[in-house]
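>
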Amino acid sequence: MVVAPQLAPASATAPPDEPLDEAPHMILAPVDPLLQDGDGLDLELTIDNPSADATEATTVEVLLTTQPIGTRYSLSRWFDGEAFMASSAIATVEVPAVDALDRETVRTSIDAEALGLDGRAWGPYGLAASGAAFGSATSVVVRDEPGEASPTTVALSAPIDSRVGASGLLTADQLEAATEPGGQARTALDAALGADATIGIDPAFGASEAALGDEAPEAATDWLDRADTPASHPLLYANADPIAQVRAGAYPLEPLGIPREDDDPLPATAGSVGTRSPVIDATRAIVRQGELESLAGAGTVVLSTAALDEQLGGSTPSAHVRVDGVDVLAADAQLQELVRAAAEADEESAADARAQVVALLATITRERPSDPRTLAAVLAPPSSGDSAPLLADLAEAQFVETAGLDTALEATPREATLVETDDPQRNDGAALVADALEQESEASRVASIVDEPAALLAELRLAVLAALPDAGREVTEADRVAIENLGGTMSEVRNAVQLVGGSDIHAVGESVGLPITITNELDVPANVVLTVRPTNALVSVPEPRIDVTIAPTSQQRVQVPVDVVGTGTLLMVVQLHTPDGVPLGQIQQLHITAQPTIEVAVAWTLGIAIVLLLGFGILRSIQKRRRGQARGDIDDLAREHRDQEETA
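FYI, in UniProt numbering the residues of the sequence shown are 1 to 648.
If you want it as structure tokens, here you go:
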């Protein structure tokens, strides 16, 4: 019979910004997509019902193409539900009713005789499921009997990120959970080592282990020892995006040190694992030639073939490309997308994606069975999904070999240029990097208030690195929220030491202490300079600058000596500074009512009276002299001098 699979429902393919079709739909996936003579097929059929109504129980027919799918074009059309190919029914599946907003998976086993693949040509065969209530779904299996065909090598990059929190360091419990058997980092490392992949290790693993010292879990120490291979390289800390940093002019942004509790910070490189040059995942980025040159100077750049402007023949080329003189690796765009989906999708869709990966590689191998080639791909990091099942399938496939990226670089490169295109969001990551660095710069200006500024600056930098966008993916709303939260953290540092507002003060006496309260929210002592300035002469401040040390997480009242010299009200301007003069917090204005003692008041009154009398006398003398009425020794001498001149 002939099957014409329909397009996948909108609910499965629509972009997030488009309204979803709430119709129920099917997902079809083989449990193991690789079959040899005598193998039966275990098949999972999932009904996803996002609608508000329950579905009825029904029967679904499963079909298999009678011939392998011969070309990449035909295979892509089959994946998209657009191909018409001769097919035979191999099973019927009883599907139960599915409640609203629910999902139900039915597993069925098809024996080798009913499957009918024994003795057929090797390669990918299309699977289809058809049910009137759910439309249709497609998947694929591969008859894995390649004979003398040369296997296709897939050179893999396997980044292993730490999912580190806002502090930039993992706790002992978090480190153990990630690196013990069954942990995400442990599973990812085991799979990557088994595939001979080039492994990227987040430095946060080693930094956390080093910071914990004797308290570090044994599982983490063993994991780091196994991860430290010649094919390993350090990622940027917290798997931060190198492309965003290059665009922000801040590459490489690295730790300033690794802070430790009750001790000096460790060197910034503490715990770093791997010596190979970095791998830079640009498979989801639109880069320009100047950026590509900068990135290639830092390590091995992996682009997507979708970013290249080139004319290809009828077969899939190897990954090594020279782009206007810059050597890079180009991951096949379709393969790279499926590799990501095989880890990032939900369990049922991931199984279908794994089947599509091996089917695509089988089709590529069949293009030129006698000619070897080396492709490249970047696996999803553990924070995005689990690539171990896909690597297990690749290890099982007889037509695939896996290797590290250096294998792909050994092939002769082909020439290509970059596609000239623009992306209005291409600078989003760089803008977040610049914003984070600006906040860090403002906060670091106050670091001199602590005895060990290096420790505070190291903590600030780790917080920045943990908040930056991750490598290998687009900027998300979560990234923006992380930078906003970083602003709150930095504000706490900037305002950790501040003045506490007080009530009006009555300063009575000749010399009194002006009480000013300072609070320190840091967990270390803070050294500040307190400056006091009156707005008029009713009081004077003998020491307008006072050095103060406030104990950790405490308040301290400082008595500032002032001399009261007059009666009245005034404002006293009070501010804190760092030891090197950077203002801290807000200026405080204290309302003061000044009232000196009687003795001081009398002395000031007499002093003022004397000054006024002297001034009055001087003023009258000046006025008389101007009118010619003044008499004195000078006038007499002047008159005698005139008489002598007349007599002569």
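Glycine is no exception: its CB is placed at the ideal position from the N, C-alpha and C atoms.
Helix, strand or coil for D352? Go by DSSP, reduced to three states.
Helix.
> What do you reckon, are the CB atoms on A128 and S87 nearer than 8 angstroms?
Yes, the pair counts as a contact, with Cβ atoms nearer than the cut-off.
> Which word fits T105, buried or exposed, when buried means at least 16 other C-beta atoms lie within 10 angstroms of its C-beta?
That one is exposed.
> State the DSSP-derived secondary structure class of G200, mapped to helix, strand or coil.
Looking at G200 - three-state DSSP - the assignment turns out to be strand.
> Any contact between the segment 383-393 and the segment 190-205? By contact I mean 3 or more CB pairs, one from each, below 8 angstroms.
Yes: at least three Cβ pairs fall under 8 angstroms.
> Name, in chain order, the residues that DSSP records as bridge partners for L41.
According to DSSP, L41 bridges with I110.
> Of all the options G325, S208, V302 and V529, which has the alpha carbon lying nearest to the alpha carbon of T269?
For the residues G325, S208, V302 and V529, the minimum Cα distance to T269 belongs to S208.
> Can you tell me which residues form a DSSP beta bridge with S130?
DSSP lists E61 and S136 as partners of S130.
> Note down, in chain order, each residue of its chain lying with its Cβ closer than 6 angstroms to the Cβ of D228, except the 5 sequence neighbours on either side.
Within the same chain, D228 has close Cβ partners V273.
> Take the Cβ of F84 as the centre, count every other Cβ of all protein chains shown within 10 Å, and call the residue buried at 16 or more, exposed below.
Result: exposed.
> For the beta strand (DSSP E) containing Q398, list its first residue and its last residue.
Taken as a continuous stretch (DSSP letters only), Q398 belongs to no beta strand (DSSP E), as it is neither H nor E.
> So, for P317: in the same chain, excluding its five sequence neighbours on each side, which residues have a beta-carbon less than 8 angstroms away from its beta-carbon?
Excluding sequence neighbours, P317 sits near R373 and R414.
> Of all the options D327, I364 and V323, which has the alpha carbon lying nearest to the alpha carbon of Q334?
Ranking the options by Cα distance to Q334, first place goes to I364.
> Taking DSSP as the reference, what is the three-state secondary structure of Y73?
Helix.
> According to the neighbour-count rule (16 or more other Cβ atoms, all chains shown, within 10 Å of its Cβ), is V419 buried or exposed?
Burial call: exposed.
> How far does the beta strand (DSSP E) with N485 in it reach, from first residue to last?
Counting along the chain, N485 falls outside any beta strand (DSSP E), though it belongs to the alpha helix (DSSP H) covering E477 to R494.
> Measure the Cβ-Cβ separation of P381 and N239 and say whether it is below 8 angstroms.
Result yes, Cβ atoms of P381 and N239 sit closer than 8 angstroms.
> Buried or exposed: where does L405 fall if 16 or more other Cβ atoms within 10 Å of its Cβ makes it buried?
Looking at its Cβ environment, which holds 16 or more other Cβ atoms inside 10 Å, L405 is buried.
> Which partner residues of G513 appear in the DSSP bridge assignment?
Bridge partners of G513: P561.
> Alpha carbon to alpha carbon, what distance is there between G123 and A478?
Answer to the nearest angstrom: the Cα atoms are 42 angstroms apart.
> Nearest-angstrom Cα distance between D111 and L35?
Using only the alpha carbons, I get a separation of about 11 angstroms.
> Could you give the DSSP three-state label for V524: helix, strand or coil?
Coil, per DSSP.
> Would you mind giving the Cβ-Cβ distance between L530 and I505, rounded to the nearest angstrom? I have them listed as a contact below 8 angstroms.
L530 to I505, Cβ: 15 angstroms. No contact.
> Taking the alpha-carbon positions, what's the D451 to A551 distance?
Taking the straight line from one Cα to the other gives about 12 angstroms.
> Report the partner residues of N49 according to the DSSP bridge assignment.
Partner(s): D102.
> Would you kindly check if the distance between the Cβ of T593 and the Cβ of A507 is under 8 angstroms?
Result yes, Cβ atoms of A507 and T593 sit closer than 8 angstroms.
> Candidates D580, A185, V60 and P68: which alpha carbon is nearest A133's?
Of D580, A185, V60 and P68, the residue nearest in Cα terms is V60.
> Does DSSP classify R260 as helix, strand or coil?
Of the three classes helix, strand and coil, the one that applies to R260 here is strand, per DSSP.
> Please determine, among P579, A395 and V142, the residue with the shortest C-alpha to C-alpha distance to T65.
Of P579, A395 and V142, the residue nearest in Cα terms is V142.
> Does DSSP put Y251 in a helix, in a strand, or in coil?
Coil, per DSSP.
> Tell me which residues share the same chain as L361 and place their Cβ nearer than 6 angstroms to its Cβ, disregarding the 5 neighbours each side in the sequence.
If we look at L361 and ignore the five residues flanking it on each side, its Cβ neighbours are T152 and V400.
> Looking at C-beta atoms only, is the number of pairs between the segment 437-447 and the segment 336-349 that lie closer than 8 angstroms three or more?
Too few Cβ pairs lie closer than 8 angstroms, so no.
> Can you give the Cα-Cα distance for G581 and G165, rounded to whole angstroms?
If I take the Cα positions, the gap works out to 33 angstroms.
> Comparing C-alpha positions only, which one of P561, T567 and T535 sits nearest to Q589?
With distances taken between Cα atoms, Q589 lies closest to T535.
> What residue range is occupied by the uninterrupted beta strand (DSSP E) comprising G387?
According to the sequence shown, residue 387 is Ser rather than Gly. Per DSSP, S387 belongs to no beta strand (DSSP E) and is neither H nor E.
> Using a Cβ-Cβ cut-off of 6 angstroms (strictly less than) and excluding sequence neighbours within five positions of V500, which residues of its own chain qualify?
Only T517 and T519 meet the Cβ criterion.
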